[in-house]
Amino acid sequence: MVSTRLLLAALAVSLIFCVAAAQAGAAASDVRSHQATVLQIGKQALDAQEYRVLALAGLPRDFNPASAADPEFVREFADRLLLVEQARREHLQDDPVVAARIRQATDAILAKAVQTRARESAQIDAAQIKAQFDAHPHDYDEVHLSHLFVALKPQGAARRGTPLTDAQALARAQRLKQQLESGTPFAELAMRQSDDASTAAEGGELSPMFLRNVADAFVAPVQDLAVGQVSAPVRGAEGYHLIRVDARRPATLDSARGQIEVQLRDQAAANALEQLRQANPVRFDRAALEAALR
């Protein structure tokens, strides 16, 4: 007997495939009789178009379609369909919990689809891209940064679990800055003293980023620093940072064009959602909701 948990999960996940199949259903039905079966699962037969639509639905865009012909992929796909059919035979789609999960899955797919359509259908021209770049040219500068972090609440091995007050954390950051000014290599000090365990092993080095993706509290210090300079302690959400600019590549309109277009398309999707919010105000009784959820 197949476990109920697996059946429930398979039925919920199958909604992704069902929606994709519906989108291509009409076209596929016209030519199904003329196409050869490429996959037989018990009594279920799928032609090439049906399999492609169902197998690739919900997968990342960079997924190689040819991988859907791998035996392991086909086996997992077939198992999912077998579980879904078993769930339907047991009428699990009528279970209130399963029905709610199906509703959630359907809603999530449709919400993502309408946002994707808003992004892709946005009319973005060269003038808009240039205007955005001219208004915020430094947002698209690429910076390579390293940091040495002093956390209020310990996050790494350097402090051995000792919490600090704001004043103590600032004082510690200032002492570390003095060590840097006395000649201690930044990477060496970060490895020994930084509370950011994820970057300490790399000498505090962060992944390259565009200035628009730098946290607001750090933008001004980063802009003011020359390459190789280390900032004074900068207060972040969880403690103090010493920031070094390792490299900076100023943006040009050509280098920034791609990310500006993505940014403007994201903004178009956000604007579309805001219009829906304005047209459909939300009102709720918090006390009643809390009572219903007890």
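All letters in the sequence shown, in the order written, are residues -24 to -1, 1 to 270 by mature numbering (1 follows the signal peptide of the UniProt record, and there is no 0).
Glycine residues also receive a C-beta, built at the ideal position from the N, C-alpha and C atoms.
How big is the Cα-Cα spacing for residue i and residue j?
i: Gly1; j: Arg259; result: Only weak support is given to the placement of Gly1: the predicted model assigns it a pLDDT of 43, under 50, and the value that follows is read from those uncertain coordinates. The straight-line gap from Cα to Cα measures roughly 39 angstroms.
i: Arg211; j: Ile100; result: 38 angstroms
i: Pro226; j: Tyr116; result: 8 angstroms
i: Asp6; j: Glu96; result: Its pLDDT being 47, under 50, Asp6 is placed unreliably in this model, and the coordinates cannot settle the point.
i: Leu156; j: Thr175; result: 18 angstroms
i: Ala223; j: His120; result: 5 angstroms
i: Ala255; j: Leu86; result: 19 angstroms
i: Ala149; j: Glu164; result: 15 angstroms
i: Leu201; j: Leu218; result: 12 angstroms
i: Ala177; j: Ser183; result: 13 angstroms
i: Ala166; j: Ala173; result: 10 angstroms
i: Gln69; j: Gly18; result: 21 angstroms
i: Gln80; j: Leu187; result: 37 angstroms
i: Ala268; j: Glu250; result: 29 angstroms
i: Arg28; j: Pro41; result: 8 angstroms
i: Asp83; j: Ala145; result: 46 angstroms
i: Leu252; j: Lys88; result: 15 angstroms
i: residue 280; j: Gly234; result: This structure gives no information on residue 280, because the portion of the chain shown stretches from -24 to 270.
i: Gly137; j: Tyr216; result: 17 angstroms
i: Leu22; j: Phe49; result: 15 angstroms
i: Met185; j: Ala196; result: 15 angstroms
i: Glu118; j: Gln169; result: 27 angstroms
i: Ala94; j: Arg37; result: 18 angstroms
i: Phe39; j: Ala76; result: 30 angstroms
i: Asp55; j: Gln62; result: 11 angstroms
i: Pro72; j: Arg64; result: 14 angstroms
i: His112; j: Asn189; result: 13 angstroms
Grouping DSSP H, G and I as helix and E and B as strand, with all else coil, what is residue i?
i: Arg118; result: The question names Arg, yet the displayed sequence has Glu at residue 118. Correct three-state label for Glu118: strand.
i: Leu182; result: coil
i: residue 330; result: This structure does not reach residue 330, given that the chain is present from -24 up to 270, and the question cannot be answered.
i: Asp23; result: strand
i: Ala227; result: coil
i: Arg253; result: helix
i: Gly159; result: coil
i: Arg220; result: strand
i: Arg211; result: strand
i: Ala127; result: strand
i: Val206; result: strand
i: Ser170; result: coil
i: Phe39; result: coil
i: Leu32; result: helix
i: Phe260; result: coil
i: Leu269; result: coil
i: residue 294; result: The displayed coordinates of the chain run from -24 to 270. Any statement about residue 294 would go beyond what the structure contains.
i: Gln199; result: helix
i: Gln144; result: helix
i: Ala176; result: helix
i: Pro47; result: helix
i: Gly137; result: coil
i: Gln11; result: coil
Among the options, whose alpha-carbon lies nearest the alpha-carbon of residue i?
i: Thr92; options: Val119, Tyr116, Asn247; result: Asn247
i: Val203; options: Val221, Ala213, Phe186, Val190; result: Val221
i: Leu35; options: Phe53, Lys19, Pro47, Ala21; result: Phe53
i: Pro139; options: Gln108, Leu152, Asp171; result: Asp171
i: residue 272; options: Arg151, Gln20, Ser122; result: The displayed coordinates of the chain run from -24 to 270. Any statement about residue 272 would go beyond what the structure contains.
i: Lys106; options: Leu229, Leu58, Arg241; result: Leu229
i: Ala103; options: Gln16, Ile236, Phe39; result: Ile236
i: Val126; options: Ala213, Ala44, Asp71; result: Ala213
i: Ala45; options: Val14, Glu66, His67; result: Val14
i: Val90; options: Arg270, Pro257, Ala263, Arg241; result: Arg241
My assumption, with CB atoms under 8 angstroms, is that residue i sits in contact with residue j. Please give the rounded CB distance.
i: Gly179; j: Phe162; result: 7 angstroms
i: Ala244; j: Ala98; result: 4 angstroms
i: His114; j: Gln199; result: 7 angstroms
i: Asp142; j: Leu128; result: 7 angstroms
i: Gln11; j: Ala31; result: Incorrect: roughly 15 angstroms between the Cβ atoms, too far for contact.
i: Ala191; j: Lys153; result: Between Lys153 and Ala191 the Cβ distance is about 19 angstroms, and since that is not below 8 angstroms, they are no contact.
i: Leu57; j: Gln20; result: 6 angstroms
At 4 residues or longer, and completely inside the segment 56 to 101: list those alpha helix (DSSP H) runs for me, N to C. With a minimum length of 4 residues, the continuous alpha helix (DSSP H) runs that stay inside the segment 56 to 101 are 72 to 97.
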